[in-house]
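Residue numbers (the numbering used here), protein chains in the order written: chain A, 793 to 938; chain B, 793 to 938. Ideal placement from N, C-alpha and C gives every residue a C-beta, glycine not left out. Only a predicted model underlies this, so the values are computations on that prediction, with no experimental measurement involved. Take a look at the structure below.
Protein chains: 2
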Amino acid sequence: MTRNEDSLKALTTILRAASSVERVVKEDMVSYGLNATEFTVMEYLYNRGKQPIQMIGKKILLASSSITYVIDRLEEKGLVQRVADVKDRRVTFAELTDEGQQKMMEIFPQHAETIEKLFKELSDSDLNKLRALLKEVGYKATKLIK
Amino acid sequence: MTRNEDSLKALTTILRAASSVERVVKEDMVSYGLNATEFTVMEYLYNRGKQPIQMIGKKILLASSSITYVIDRLEEKGLVQRVADVKDRRVTFAELTDEGQQKMMEIFPQHAETIEKLFKELSDSDLNKLRALLKEVGYKATKLIK
DNA sequence: AAAGTATAAGGTAAGTTTGAAATAAACGTT
DNA sequence: AACGTTTATTTCAAACTTACCTTATACTTT
Numbered sequence: 793m794t795r796n797e798d799s800l801k802a803l804t805t806i807l808r809a810a811s812s813v814e815r816v817v818k819e820d821m822v823s824y825g826l827n828a829t830e831f832t833v834m835e836y837l838y839n840r841g842k843q844p845i846q847m848i849g850k851k852i853l854l855a856s857s858s859i860t861y862v863i864d865r866l867e868e869k870g871l872v873q874r875v876a877d878v879k880d881r882r883v884t885f886a887e888l889t890d891e892g893q894q895k896m897m898e899i900f901p902q903h904a905e906t907i908e909k910l911f912k913e914l915s916d917s918d919l920n921k922l923r924a925l926l927k928e929v930g931y932k933a934t935k936l937i938k
Numbered sequence: 793m794t795r796n797e798d799s800l801k802a803l804t805t806i807l808r809a810a811s812s813v814e815r816v817v818k819e820d821m822v823s824y825g826l827n828a829t830e831f832t833v834m835e836y837l838y839n840r841g842k843q844p845i846q847m848i849g850k851k852i853l854l855a856s857s858s859i860t861y862v863i864d865r866l867e868e869k870g871l872v873q874r875v876a877d878v879k880d881r882r883v884t885f886a887e888l889t890d891e892g893q894q895k896m897m898e899i900f901p902q903h904a905e906t907i908e909k910l911f912k913e914l915s916d917s918d919l920n921k922l923r924a925l926l927k928e929v930g931y932k933a934t935k936l937i938k
């Protein structure tokens, strides 16, 4: 097989694997009453604490108006709140409410366990290899984004 | 780092890499006047020939109602046509029109070249390793989908 | 300090995706 | 052959995402 064909196959594999993985992860997230985007935002805030709204969008690769929408939904659910920045009045932070914090402490371990299942078959070294290779491809990809 | 944490990191890496890769690929597709879903369907038909509509949905992991929508768009563009199955009258095939065939023959090589760039940094063996690992994870994932 | 430029958040409209329900046809069992 | 079940496609409404635009604020240069 030519290198070119290999690349195409690799692309197909990466996209399909990602799609299947996303589906599993999504189903898990939905079982907690959150859609994938909402969960991703919650997880980000859970790990990083209070963050500027625009920063969240950048990190999880979502358009600015989409973030507004998601944060709106999460506020309605009482899981996230907006807090004004006193230094830069253009900025609004999003942070978990106590209820949101509570919820993440509850579901995060379950979520981690679901993910653990996905990678159970791989040896430690394979898992690390996979991460390294994907990191490289991902890095290359970000460089190619216009 | 615990194995559990490694799994989470691996998930993050796979999803981020996929997201970046998707973005690059998507930009390429859009440059041909097709969105990602449309291109994926076109590519599938280009490689496999005439296919039942429902089969396409299964293969590219799209809800049946979404396929209907995409095929509608592609028909409007004159790239795809619906053909009734004479054996099973529930089934409708989708296939490339001559124009669609023409278009794919034109853009497919360019598309392949874009993708080639993504994986340029990886050695042949790394590329194969990546595919093998992702295949395993992807397979595991499909088993976990409810 | 004024003027121009850059950045943050949100509004709006259009396009995409989904789930649920509807319709039609085929299949399986009695 | 009739009856219930499954499968394929479509329709519809609702949810989500994006691109483009607006407003407000901060930064930079003169």
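If distances are taken between C-alpha atoms only, which option among B:921, B:842, B:896, B:932 comes closest to residue 884 of chain B? Numbered from its first residue, the second sequence carries residue 884 of chain B at position 92. Residue 884 of chain B has its Cα closest to that of B:842, out of B:921, B:842, B:896, B:932.
At a Cβ cut of 7 Å, what residues of the stretch 874–898 of chain B count as close to chain A, listed as they run along the chain? none
Taking Cβ positions only, does residue 827 of chain B come closer than 9 Å to chain A? Within the second sequence, the letter at position 35 stands for residue 827 of chain B. Any Cβ of chain A closer than 9 Å to the Cβ of residue 827 of chain B would place that residue at the interface, and such an atom is absent.
Cβ-Cβ distance between residue 863 of chain A and residue 881 of chain A below 9 Å: By one-based count along the first sequence, residue 863 of chain A stands at place 71. By one-based count along the first sequence, residue 881 of chain A stands at place 89. No, Cβ-Cβ distance for residue 863 of chain A and residue 881 of chain A is not below 9 Å.
Closest Cα partner of residue 896 of chain B within the set B:921, B:866, B:876, B:913: For this step, residue 896 of chain B is matched to residue 104 along the second sequence. Residue 896 of chain B has its Cα closest to that of B:866, out of B:921, B:866, B:876, B:913.
Alpha carbon to alpha carbon, how far is residue 878 of chain B from residue 807 of chain B? Give it in angstroms, no decimals. Taking the second sequence and counting its residues from 1, the one referred to as residue 807 of chain B is at position 15. Taking the second sequence and counting its residues from 1, the one referred to as residue 878 of chain B is at position 86. Roughly 42 Å between the two C-alpha positions.
Kindly indicate the opening and closing residues of the alpha helix (DSSP H) around residue 795 of chain A. Locating residue 795 of chain A in the first sequence gives position 3, where the first residue counts as 1. Counting along the chain, the alpha helix (DSSP H) containing residue 795 of chain A begins and ends at 795–822.
Taking 8 Å as the cut-off, does the stretch 903–921 of chain B touch the stretch 807–823 of chain A (at least 3 CB pairs, one atom from each stretch)? no
Closest residue to residue 936 of chain B among A:840, A:809, A:832, A:861 (Cα-Cα distance): By 1-based counting over the second sequence, the position of residue 936 of chain B is 144. If we check each option's Cα against that of residue 936 of chain B, A:809 comes out closest.
Taking the alpha helix (DSSP H) that residue 884 of chain A falls in, what are its first and last residues? To locate residue 884 of chain A, count along the first sequence from 1; it is residue 92. It is not in any alpha helix (DSSP H) - residue 884 of chain A instead sits in the beta strand (DSSP E) that spans 884–888.
Label residue 890 of chain B either buried or exposed according to how many other C-beta atoms from any shown protein chain fall within 10 Å of its C-beta, with 16 as the threshold for buried. Working through the second sequence from its first residue, we reach residue 890 of chain B at position 98. It counts as exposed.
Just to make sure I have the definition right: I need the residues of chain B whose C-beta is within less than 9 Å of the C-beta of residue 937 of chain A. Which are they? On the first sequence, position 145 is the one that residue 937 of chain A refers to. The contacting residues are 812, 815, 816, 819.
Tell me which residues share the same chain as residue 872 of chain B and place their Cβ nearer than 8 Å to its Cβ, disregarding the 5 neighbours each side in the sequence. Taking the second sequence and counting its residues from 1, one reaches residue 872 of chain B at position 80. Closer than 8 Å at Cβ, skipping near neighbours: 833, 834, 837, 863, 866, 886, 887, 888, 889, 892.
Runs of 3 residues minimum, wholly inside the stretch 890–919 of chain A: which ones carry the beta strand (DSSP E) assignment? none
Cross-chain neighbours of residue 808 of chain A in chain B, by beta carbon under 7 Å: In the first sequence, residue 808 of chain A corresponds to position 16, counting from 1. Those are 930, listed as they occur along chain B.
What three-state label does DSSP hand residue 874 of chain A in the structure shown? Position 82 of the first sequence holds residue 874 of chain A. It is a strand residue.
Looking at C-alpha atoms only, which residue of B:851, B:928, B:802, B:910 is the closest neighbour of residue 812 of chain B? The residue labelled residue 812 of chain B in the question sits at position 20 within the second sequence. It is B:910.
If we call anything under 9 Å between Cβ atoms a contact, is residue 925 of chain B one with residue 929 of chain A? Taking the first residue of the second sequence as position 1, residue 925 of chain B is located at position 133. Taking the first residue of the first sequence as position 1, residue 929 of chain A is located at position 137. Result no, Cβ atoms of residue 925 of chain B and residue 929 of chain A do not sit closer than 9 Å.
Report the CB separation of residue 870 of chain A from residue 859 of chain A in whole angstroms; it is logged as a contact under 8 Å. Taking the first sequence and counting its residues from 1, one reaches residue 870 of chain A at position 78. Taking the first sequence and counting its residues from 1, one reaches residue 859 of chain A at position 67. The C-beta separation of residue 870 of chain A from residue 859 of chain A comes to about 18 Å, leaving the pair out of contact by the 8 Å criterion.
State the start and end residues of the unbroken alpha helix (DSSP H) segment that holds residue 837 of chain A. Against the first sequence, residue 837 of chain A aligns to sequence position 45. First-last of the alpha helix (DSSP H) with residue 837 of chain A: 828–840.
Residues sharing a beta bridge with residue 843 of chain A, DSSP: Position 51 of the first sequence, counted from the start, is the residue given in the question as residue 843 of chain A. Partner(s): A:886.
With H, G and I counted as helix, E and B as strand and the rest as coil, what does DSSP make of residue 825 of chain A? In the first sequence, counting from the first residue as 1, residue 825 of chain A sits at position 33. Looking at residue 825 of chain A - three-state DSSP - the assignment turns out to be coil, as it is neither helix nor strand.
Distance, residue 821 of chain B Cα to residue 933 of chain A Cα: For the purposes of this step, residue 933 of chain A is taken as the residue at position 141 of the first sequence. For the purposes of this step, residue 821 of chain B is taken as the residue at position 29 of the second sequence. Roughly 15 Å separates the two Cα atoms.
Under 9 Å, Cβ to Cβ, is there at least one residue of chain A near residue 799 of chain B? Locating residue 799 of chain B in the second sequence gives position 7, where the first residue counts as 1. It does; some Cβ of chain A falls within 9 Å.
On the criterion of 16 or more Cβ atoms from any shown chain inside 10 Å, does residue 856 of chain A qualify as buried, or is it exposed? For the purposes of this step, residue 856 of chain A is taken as the residue at position 64 of the first sequence. Per the 10 Å Cβ criterion, exposed.
Suppose the cutoff is 6 Å on Cβ atoms and the five residues either side in sequence are ignored; what does the same chain contact list for residue 828 of chain B look like? Position 36 of the second sequence, counting from 1, holds the residue named residue 828 of chain B. Closer than 6 Å at the Cβ level, and outside the excluded window around residue 828 of chain B, lie 818, 821.
Going by C-alpha to C-alpha distance, which of A:908, A:900, A:794, A:847 sits closest to residue 826 of chain A? Here residue 826 of chain A corresponds to residue number 34 of the first sequence, with the count starting at 1. Ranking A:908, A:900, A:794, A:847 by Cα distance to residue 826 of chain A puts A:900 first.
Buried/exposed call for residue 876 of chain B, threshold 16 Cβ in 10 Å: For the purposes of this step, residue 876 of chain B is taken as the residue at position 84 of the second sequence. It counts as exposed.
In this structure, does DSSP put residue 855 of chain B in helix, strand or coil? Counting from 1 along the second sequence, the entry for residue 855 of chain B is found at position 63. In the structure shown, residue 855 of chain B sits in coil (DSSP, three-state: anything other than H, G, I, E or B).
Contacts around residue 824 of chain B, its chain only, beta-carbon distance under 6 Å, and the 5 residues preceding and following it disregarded: Reading the second sequence from its first residue, position 32 is the one you call residue 824 of chain B. Only 899 meet the Cβ criterion.
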